[in-house]
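Numbering (my numbering), first residue to last: 34 to 142. Each residue gets a CB set at the ideal place from its N, CA and C atoms; glycine is no exception.
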């Protein structure tokens, strides 16, 4: 709906507000019923993905490369999996099912 109403001024802002409130509620409920260690791990992995994509962007612009289809995604996934493995070896925040859940969700995001 947000893409369809992108040119209709009052409707798009209203839909964006509803979407933001819905996502905030979902994240808040998830954080309320999940262990703090798992939330910390997800926050660390999200930060790693954002910084690795930013680093890839600066590297690609400096070299004059275009953004191919899966280049940024594969780079961010590789960095995220390396940091995820490091966290699990050093700290082991979560149990085994949460490992797959958090890593798959980070890759899909």
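Cut-off 8 Å between Cβ atoms - residues of its own chain near residue i, not counting five sequence neighbours on either side
i: residue 38; result: 44, 45, 48
Three-state secondary structure (DSSP) of residue i
i: residue 221; result: Because residue 221 is not part of the residues shown, which for the chain are 34 to 142, the question remains open.
i: residue 35; result: coil
Residues near residue i by beta carbon distance below 6 Å, same chain, minus five either side
i: residue 109; result: 82, 85, 86
i: residue 116; result: 81
i: residue 61; result: none
i: residue 35; result: 48
Contacts around residue i, its chain only, beta-carbon distance under 7 Å, and the 5 residues preceding and following it disregarded
i: residue 72; result: 64
Burial state of residue i (16 or more Cβ within 10 Å)
i: residue 52; result: exposed
Residue i beta carbon near the ligand MG (any heavy atom closer than 7 Å)
i: residue 116; result: Inclusion of the ligand MG in the displayed structure is not the case, the ligand content being empty and no account of it being possible.
Length-filtered (4 minimum) alpha helix (DSSP H) runs lying within the region 56-119: 69-96
For the region 102-119 against the region 83-91, are there 3 or more C-beta pairs whose distance is under 8 Å? yes
Would you call the region 62-69 in contact with the region 78-85, where contact means no fewer than 3 C-beta pairs closer than 8 Å? no
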